[in-house]
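Engineer: Okay, handing you the structure first.
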Amino acid sequence: TWEKCLLFIKERIPAQSFSTWFEPIVPLKLDSSVLTIQVPSQFFYEWLEENYVHLLKQAIKSQIGEQGRLEYSVVVDRGDEKVQPTTVNVSGSSHSQHKSRVNGFDAYKNPDFYQELKSNSNLNPSYRFENFIEGDCNRLARSAGFAVAQKPGITSFNPLMFYGGVGLGKTHLVQAIGNEIISTDSSKKIIYVASEKFTNQFIDALKNNNLQDFINYYKEVDLLILDDVQFLREKEKTQEIFFHIFNHLHQGGKQIIMTSDCAPKDLKGLQERLVSRFKWGLTADLQAPDFETRMAIIQTKMHADGISIPDEVVEYIAYTVDTNIRELEGVVISLIAHASLTKREMDLELAKQILKNIVTDIDSEVGIDYIQKTVSDYFKVSQDDLKAKTRKKEIVIARQVAMYFSKDYTNHSLKSIGYHFGGRDHSTVIHAVQSVNDMIDTNSKFRFAIDELKKKLKIRTAVA
Ligand code: ADP
Ligand code: MG
């Protein structure tokens with residue numbers, strides 16, 4: 005009977021959801037018209053009830069008839085000792101029953117895990133609004149962030165999502181919000197977590213059988229900051245859990261803040277239902293700093309270190325380093341180091357000398373040339389072919405992949421990328437990026453190749 009129910013369900017939901025939520029179920033017995041199924045955890049049970057109860061009822065009805073009923077047996081996990089089965093719950097139960105089960109969780113909490121998570125918010129206290137320099141490039145994002153910091157969960161900016169390239173201040177800004185809220189109300193429970201860490205915690209929780217602690221912990225926060233959500237791409241189960249937590253927090257009027265390296269609509273590999281929720285609140289982008297902002301950042305950072313440098317030097321740096329704020333900071337730190345080591349006055353000539361090394365360095369390490377070499381190596385074609393006119397299929401693919409990475413990993417404009425690929429125009433680059441994204445979506449071997457290449461390019465980036 006259960007087999008038939010499964011078939012019924014399988015036809016009606018995505019394969020991924022089916023294998024996650026239905027394959028692990030073990031049918032236990034069928035007594036008159038009551039079917040008992042065993043589910044691996046309380047969370048699992050809750051999830052089924054929240055998301056699939058309707059479907060389950062239909063399935064039961066179709067197999068057993070109107071009088072058919074479903075009972076759950078939940079494998080309860082207390083530390084490493086497994087007691088099974090303990091609770092039996094009836095499908096279609098009333099809400100009050102549901103509540104009492106939720107409260108029942110407390111008994112099973114694993115104190116160590118909980119304590120570890122609870123002990124801090126992961127906020128870096130040095131990221132504040134006071135030292136976040138405002139400019140045209142970040143004004144909207146900053147004021148939205150500031151508004152949320154005054155009234156978390158209350159404004160219509162929920163969720164609040166910041167997106168933009170690397171080094172543009174996303175992490176600084178979201179942490180500034182957290183720090184601001186804590187400084188006005190220290191009882192607020194705030195958690196900042198990078199998506200990568202969130203994913204690892206989730207995987208650990210699965211391994212160690214304390215998924216429920218993990219979920220409960222995140223469900224209890226007043227403000228959840230999830231940094232770099234693009235990292236959740238293709239991670240279906242982590243996305244399911246986050247979706248679950250997101251809904252819970254949002255319904256409870258709790259604030260959610262996220263960042264991403266691209267606009268929500270470009271978040272390929274994230275479930276549509278998740279992306280559409282991201283758009284419920286406010287989305288604001290952080291752009292590359294304009295000249296004035298770069299000037300202000302250099303001056304402020306130098307000033308903070310008690311260093312004074314001539315205006316023409318500040319201007320020179322602001323002209324030369326136009327990519328992102330992290331890089332700008334790096335340059336400023338180098339200049340400060342040089343100035344204090346050599347005890348020489350920081351003049352234009354010294355600045356030029358220092359910058360020449362740093363800036364060309366950065367260019368040669370992660371530039372288009374390096375990407376072309378790595379990609380042509382990987383696909384076993386020659387680098388010259390990438391720039392040539394040939395339309396041979398394997399060369400076209402390698403060329404498109406190299407363009408794709410050039411767009412992602414360098415700060416070259418589309419036009420400039422086209423130029424480096426034998427003088428092609430920017431629409432060719434756009435097309436290449438689209439084709440690669442399409443292939444990533446549809447071809448798992450290709451996706452694997454892209455991941456491999458990412459690793460190769462990343463190692464180099466980290467060294468640089
Ligand atoms: P992202 O998360 O977008 O990659 P970060 O928030 O890590 O960028 O910022 C990179 C560095 O630049 C950090 O050290 C941060 O403090 C600094 N920074 C970014 N934006 C600003 C700003 N508007 N004012 C001052 N410092 C900034
Ligand atoms: Mg960041």
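Position one of the sequence shown corresponds to residue 5 (the UniProt record's numbering), numbered consecutively onward. Even for Gly, the Cβ is constructed at its ideal location relative to N, Cα and C. This one's a predicted model, so the numbers in the text were calculated from it and none came from an experiment.
1) According to DSSP, is Q259 helix, strand or coil?
2) Using a threshold of 6 Å, is the CB atom of T324 nearer than that to any non-hydrogen atom of the ligand MG?
3) Any heavy atom of the ligand ADP closer than 6 Å to the beta-carbon of L172?
4) Nearest-angstrom Cα distance between P89 and Q42?
5) On a CA-only basis, which of K419, T378, D388 is nearest V405? Give me that one, please.
6) Tell me whether T175 counts as near the ligand MG, meaning its Cβ is closer than 6 Å to at least one heavy atom of that ligand.
7) So, V437 versus K411, is the Cβ gap smaller than 7 Å?
8) Distance check for S312 and E456, CA to CA, integer angstroms please.
9) Can you look up I249 in the DSSP assignment and give me helix, strand or coil?
10) How would you call I337, buried or exposed, if buried means at least 16 neighbouring beta carbons within 10 angstroms?
11) What does DSSP give as the partner residues of A453 in its beta bridges?
12) So what does DSSP say about D289, is it helix, strand or coil?
13) Looking only at its own chain, which residues have a Cβ that is under 7 Å from the Cβ of M443, when we skip the five neighbours before and after it?
14) Going by beta carbon distance, what residues of the same chain come within less than 6 Å of P28, once the five residues before and after it are set aside?
15) Report the three-state DSSP secondary structure of D429 (helix, strand or coil).
16) Given the structure, does R330 come close to the ligand ADP, in the sense that its CB is under 6 Å from one of the ligand's heavy atoms?
17) Would you check whether the ligand ADP has a heavy atom nearer than 6 Å to the C-beta of I399?
18) Go to A198, then tell me how far its beta strand (DSSP E) extends in each direction, as first and last residue.
19) Specify the secondary structure class of F26 as computed by DSSP and reduced to three states.
20) Whole angstroms are fine: how far does the CA of D326 sit from the CA of I434?
21) In chain order, what residues of the same chain have a beta carbon less than 7 Å from the beta carbon of Q387, not counting five sequence neighbours either side?
22) Can you find the residues in the same chain that come closer than 6 Å, C-beta to C-beta, to D389, ignoring five residues on each side of it along the sequence?
23) Within the segment 282-327, note down every full beta strand (DSSP E) run reaching 3 residues or more, in order along the chain.
24) Per DSSP, K33 forms a beta bridge with which residues?
25) Looking at the ligand ZN, does it come within less than 6 Å of E184, judged from the CB to the closest heavy atom?
26) Do you know how far the Cα of N415 is from the Cα of V87?
27) Three or more C-beta pairs under 8 Å: does that hold for the segment 167-174 against the segment 191-201?
28) How big is the Cα-Cα spacing for V318 and G173?
29) With 16 as the cutoff for other CB atoms within 10 Å, does N107 come out buried or exposed?
30) For I229, list the residues DSSP reports as bridge partners.
31) Select from A392, Y131, Q46, E353 the residue whose C-alpha is nearest the C-alpha of R25.
32) Going by DSSP in three states, R73 sits in which element: helix, strand or coil?
33) Y222 and I185 look like a contact to me (Cβ under 8 Å); what is the Cβ gap, rounded to whole Å?
34) Given 6 Å as the limit, tell me if I137 has its C-beta closer than that to any heavy atom belonging to the ligand ADP.
Structural biologist: A quick look at the data gives this:
1) What you label residue 259 is simply residue 255 of the sequence shown in a count that begins at 1. Secondary structure at Q259: strand, using DSSP grouped into helix, strand and coil.
2) Residue numbering aside, residue 324 sits at position 320 when the sequence shown is read from its first letter. Checking the Cβ of T324 against the ligand MG gives no.
3) Locating residue 172 in the sequence shown gives position 168, counting from the first residue. It does: the Cβ of L172 is within 6 Å (strictly closer) of some heavy atom of the ligand ADP.
4) Position 85 of the sequence shown, counted from the first residue, corresponds to residue 89. Position 38 of the sequence shown, counted from the first residue, corresponds to residue 42. Any reading at P89 needs caution, since the residue's pLDDT is 41, under 50, leaving its predicted position unreliable; the model's value is listed next. Rounded to whole angstroms, P89 to Q42 spans 8 Å at the Cα level.
5) Counting from one through the sequence shown, the residue named residue 405 turns up at place 401. The option with the nearest alpha carbon to V405 is T378.
6) The residue you call residue 175 lines up with position 171 of the sequence shown. Yes, since a heavy atom of the ligand MG falls inside the 6 Å radius drawn around the Cβ of T175.
7) Start at 1 with the first residue of the sequence shown, and residue 437 comes out as number 433. Start at 1 with the first residue of the sequence shown, and residue 411 comes out as number 407. Yes, they are a contact pair.
8) Here residue 456 corresponds to residue number 452 of the sequence shown, with the count starting at 1. Here residue 312 corresponds to residue number 308 of the sequence shown, with the count starting at 1. Computed Cα separation, rounded: 46 Å.
9) Sequence index remark: in the sequence shown, residue 249 carries index 245 (1-based). If DSSP states are grouped into helix, strand and coil, I249 belongs with the helices.
10) Mapped onto the sequence shown, residue 337 falls at position 333. Taking all protein chains in view, the Cβ of I337 is surrounded by fewer than 16 other Cβ atoms within 10 Å, so the residue is classified as exposed.
11) As a first step, residue 453 is located in the sequence shown; it is residue number 449 there, counting from the start. Looking at the DSSP assignment, A453 forms no beta bridge with any residue, so it has no partner.
12) On the sequence shown, position 285 is the one that residue 289 refers to. It is a strand residue.
13) Within the sequence shown, residue 443 is the residue found at index 439, counting from 1. Here the set comprises F450.
14) Along the sequence shown, one-based indexing puts residue 28 at 24. Correct list, in chain order: P44.
15) Position 425 of the sequence shown, counting from 1, holds the residue named residue 429. It is coil, neither helix nor strand.
16) Position 326 of the sequence shown, counted from the first residue, corresponds to residue 330. Under cutoff, so the answer is yes.
17) Within the sequence shown, the letter at position 395 stands for residue 399. The answer is no for I399.
18) Against the sequence shown, residue 198 aligns to sequence position 194. 194-198 is the extent of the beta strand (DSSP E) around A198.
19) The residue labelled residue 26 in the question sits at position 22 within the sequence shown. In this structure, F26 counts as coil in the three-state DSSP scheme.
20) Numbered from 1 along the sequence shown, position 430 holds the residue referred to as residue 434. Numbered from 1 along the sequence shown, position 322 holds the residue referred to as residue 326. Answer to the nearest angstrom: the Cα atoms are 23 Å apart.
21) Taking the first residue of the sequence shown as 1, we reach residue 387 at position 383. Closer than 7 Å at Cβ, skipping near neighbours: Q376, K377, S380.
22) Indexing the sequence shown from 1 puts residue 389 at position 385. These residues qualify, in order along the chain: I399.
23) 286-289
24) On the sequence shown, position 29 is the one that residue 33 refers to. In the DSSP output, where bridge partners are listed per residue, K33 has T40.
25) For the structure depicted, the ligand ZN is absent and the ligand set comprises only the ligand ADP and the ligand MG.
26) For the purposes of this step, residue 87 is taken as residue 83 along the sequence shown, with counting starting at 1. For the purposes of this step, residue 415 is taken as residue 411 along the sequence shown, with counting starting at 1. A caution first: V87 carries a pLDDT of 37, below 50, which makes its placement in the model unreliable, though a value can still be read off. Looking at the two C-alpha atoms, the distance is approximately 56 Å.
27) no
28) On the sequence shown, residue 318 is found 314 positions in, with the first residue counted as 1. On the sequence shown, residue 173 is found 169 positions in, with the first residue counted as 1. Each residue's alpha carbon lies about 20 Å from the other.
29) On the sequence shown, position 103 is the one that residue 107 refers to. Reliability fails at N107, whose pLDDT of 29 lies under 50, so the model's placement of it is uncertain and no value is given.
30) As a position in the sequence shown, residue 229 is number 225, starting the count at 1. Y196, I261.
31) Position 21 of the sequence shown holds residue 25. The sequence shown places Trp at residue 25, not Arg. Per the Cα distances, Q46.
32) Residue mapping note: residue 73 aligns to position 69 of the sequence shown, counting from 1. DSSP places R73 in strand when its eight states are reduced to three.
33) The count along the sequence shown starts at 1 and reaches residue 222 at position 218. The count along the sequence shown starts at 1 and reaches residue 185 at position 181. Contact doesn't hold; Cβ gap of about 17 Å is too wide.
34) Mapped onto the sequence shown, residue 137 falls at position 133. Yes, the ligand ADP has a heavy atom inside 6 Å of this Cβ.
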